[in-house]
Amino acid sequence: MQQTINDMKVDFLFSEDFYGMNAPELKHTCMHMLCLEGEGSFVFNEHCYHIVKNDLVVMPFPHRARNLAAHPDMKVEWFAADYKFLQNQLPSNNYSIGGSISLNHNPVIPLSEEHAVRILDDFHRLRERMENRQAMFYREMMGSLCLTMMYDIFESHSQRDTTSEHSDRTGYIVKSLMELLSTGVSSTERSVNYYAESLNVSPKYLSATIKRLTGHSVTSYIDRATVPILKDLLSDERLSLTQIAERMNFASLSYFSRYCTKHLGQSPSAFRQSLQPRSS
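2 is the number of the first residue of the sequence shown in my numbering; add one for each residue after it.
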């Protein structure tokens, strides 16, 4: 590995070790692995997947993969990053919310030769820059490069099967939830009960269905859609924190502050301060 996996939590990792994807230290990450030569297989969500040259694997929390097997001539490269960090780079109304459902069912994306070269270039730019941890804007720079990689992946993934269509009721529920979230309604509505009522199901049924089909909770999708909205409002200096809290329907300014701290890693005032140009 280019960076040793040890007991400490790491934000970014690059490796050419297929079996390294299964390390428990990666449990907080999303891994993106490209097969360069040969073939291999693994079990994920009780299904066995076979990969060959130019197959891309996108797997949140890759420690869940089991029964890894690789032919002697197999060559791969993979990049892993903190899952929450990646999600925080994305706007709310994009392909990532619906696309993650399809990837949970099938994390393998066959790439054209052109797209494989593009993704590998993304990996190499990230590998080069991830070592420069002393850079003043290190995380911002890495975030920008990760976002470029993710959009390149979305392009290939959308050509694979566009978010798999389901004809059964559970698939309809998932799709309907994602359509609701794409409208931006989570800026004021963040309770599971609201979405269950909108979809005419019980909160328990909605929670169980989303968890079973996507591997994530309803709340995690609500928060994923809300955080970019929150960032946009905080970046508007014309709005006071009280105005933002009221606009987003938070019960109190203190609750709003706790929500920001939980999902942005800092208080709303600190986040605003981080947007200011740094003095040289």
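Note that CB positions come from ideal geometry on N, CA and C, so glycine has one too. Just so you know, these numbers come straight off a predicted model, no measurement behind them.
Neighbour-count burial assignment, residue i, 16 or more Cβ in a 10 Å radius
i      : result
THR184 : exposed
LEU35  : buried
SER16  : buried
LEU276 : exposed
MET143 : buried
PHE13  : buried
SER157 : buried
GLY21  : buried
TYR260 : buried
ARG213 : exposed
HIS33  : buried
HIS116 : buried
TYR196 : buried
GLY41  : buried
ALA81  : buried
PRO108 : buried
MET60  : buried
ARG225 : buried
MET137 : exposed
Residue closest to residue i, alpha-carbon to alpha-carbon, out of the options
i      : options                        : result
PRO269 : SER241, ASN250, GLN90, ARG248  : SER241
ASP56  : VAL118, ALA81, GLU26           : VAL118
THR149 : VAL219, ARG225, LEU87          : LEU87
VAL186 : ASN201, ILE223, GLY216         : ILE223
VAL175 : VAL202, ARG140, GLU38          : VAL202
GLU198 : SER218, SER177, GLY216         : SER177
ASN46  : LYS232, ARG273, GLY216         : GLY216
ASP153 : ILE110, LEU181, GLU180         : ILE110
GLU38  : PHE62, PRO63, HIS72, VAL59     : HIS72
ARG248 : THR262, LYS263, ILE230, HIS264 : ILE230
LEU69  : TRP79, PHE80, HIS51, ALA252    : HIS51
LEU112 : SER255, HIS264, MET75, SER159  : SER159
MET125 : LEU91, LEU146, HIS29, ARG134   : According to the sequence provided, residue 125 is His. The question's Met does not apply to it. Residue LEU146 is the option with its Cα nearest to HIS125.
THR243 : ILE211, SER255, ASP233, SER236 : SER255
ASN250 : GLU180, ALA209, SER188, GLN274 : SER188
ASN89  : SER253, THR227, GLU190         : THR227
ARG67  : ALA24, ALA209, THR220          : ALA24
Heavy atom of the ligand MN within 8 Å of residue i beta-carbon
i      : result
VAL219 : This structure lacks the ligand MN, and indeed carries no ligand of any kind.
Three-state secondary structure assigned by DSSP to residue i
i      : result
ASN250 : coil
ASP83  : strand
SER268 : coil
THR149 : helix
ARG273 : helix
SER16  : strand
HIS64  : helix
THR164 : Reliability of the predicted coordinates at THR164 is poor, the pLDDT of 42 falling under 50, and the value obtained from them is presented with this limitation in mind. Here THR164 sits in coil by DSSP.
HIS48  : strand
THR243 : helix
ASP233 : helix
GLY185 : coil
TYR238 : With the sequence shown as reference, residue 238 is identified as Glu, and Tyr is not the correct amino acid for it. GLU238 falls in the coil class under three-state DSSP.
For residue i, the residue or residues it bridges with in DSSP
i      : result
GLU40  : VAL53
VAL77  : CYS36
ALA71  : GLY41
THR262 : None; THR262 has no bridge partner.
VAL175 : VAL175 is not bridged to any residue.
THR30  : ASP83
VAL59  : HIS33
Below-9 Å beta-carbon distance, residue i vs any chain B residue
i      : result
GLN274 : Chain labels in this structure do not include chain B; a single protein chain is all it has.
(request) Enumerate, from N- to C-terminal direction, the unbroken alpha helix (DSSP H) stretches of 4 or more residues contained entirely within the stretch 105-138. (result) 114-131
(request) Would you mind listing the alpha helix (DSSP H) stretches within the stretch 188-231 that are 4+ residues and don't spill past its ends, in chain order? (result) 193-199, 204-215
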